[in-house]
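Student: In our numbering, the protein residues as written are 18 to 130.
Once you've had a glance at the structure underneath, I'll fire off some questions.
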């Protein structure tokens, strides 16, 4: 099952496995972002700040969506949403994340239990 980064409306595959993603999450809520920082900076420019925005884990299907709000500067500057997605179908996983968010079933800005 692939892991990818969703940034600027692009799904970019990365070589991070389920165990590595969970291990990073257990180390801290920003650690999964650190796994993809280089890729994100290649797309956005220098990252000035990162905050956890929302988290959705569905262990039975090994699906995860971790969304960060990233402040950046490069050719421009601003704020962008960056999602680390672990799923067979990243688009479907993101749709599930938004549906769970709508129902209040996602963690927001805090550690997911």
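Cβ coordinates follow ideal geometry from the N, Cα and C atoms, glycine included.
From a predicted model like this one, the values you see are computed outputs, not experimental measurements.
Among the residues of its own chain, which have a CB less than 8 Å from the CB of residue 25, if the five just before and after it don't count?
Tutor: Position 8 of the chain shown holds residue 25. Excluding sequence neighbours, residue 25 sits near 60, 61 and 97.
Student: When DSSP labels each residue in this structure, what does residue 48 get in the three-state scheme?
Tutor: Counting from 1 along the chain shown, the entry for residue 48 is found at position 31. Looking at residue 48 - three-state DSSP - the assignment turns out to be helix.
Student: Would DSSP call residue 30 helix, strand or coil?
Tutor: On the chain shown, position 13 is the one that residue 30 refers to. If DSSP states are grouped into helix, strand and coil, residue 30 belongs with the strands.
Student: Using only CA atoms, which one of 33, 101 and 94 lies nearest to residue 66?
Tutor: Locating residue 66 in the chain shown gives position 49, where the first residue counts as 1. It is 94 whose Cα lies nearest to the Cα of residue 66.
Student: Classify residue 121: buried if its beta carbon has 16 or more other beta carbons within 10 angstroms, exposed otherwise.
Tutor: If you number the chain shown from 1, residue 121 lands on position 104. Residue 121 comes out exposed.
Student: Would the stretch 113–120 count as touching the stretch 31–48 if we require 3 or more Cβ pairs under 8 Å?
Tutor: They do not touch, by the three-pair rule.
Student: If we count the other Cβ atoms within 10 Å of its Cβ and call it buried at 16 or more, is residue 179 buried or exposed?
Tutor: Any question about residue 179 goes unanswered here, given that the chain covers just 18 to 130.
Student: How would you label residue 49, buried or exposed, when you count the other beta carbons within 10 angstroms and need 16 or more for buried?
Tutor: Indexing the chain shown from 1 puts residue 49 at position 32. By the 10 Å Cβ count, residue 49 comes out buried.
Student: Tell me which same chain residues have a C-beta within less than 7 Å of the C-beta of residue 123, skipping the five on either side of it?
Tutor: What you label residue 123 is simply residue 106 of the chain shown in a count that begins at 1. Counting only Cβ-Cβ distances below 7 Å, and skipping sequence neighbours, we find 71, 72, 73, 114 and 117.
Student: Can you tell me whether residue 119 is buried or exposed? The criterion is at least 16 other CB atoms within 10 Å of its CB, across all chains shown.
Tutor: One-based indexing of the chain shown puts residue 119 at position 102. Counting Cβ neighbours within 10 Å, residue 119 comes out exposed, since fewer than 16 surround it.
Student: Flag residue 33 as yes when its Cβ comes closer than 7 Å to any non-hydrogen atom of the ligand ADP, and as no otherwise.
Tutor: Questions concerning the ligand ADP fall outside what the structure shown contains, since it holds no ligand whatsoever.
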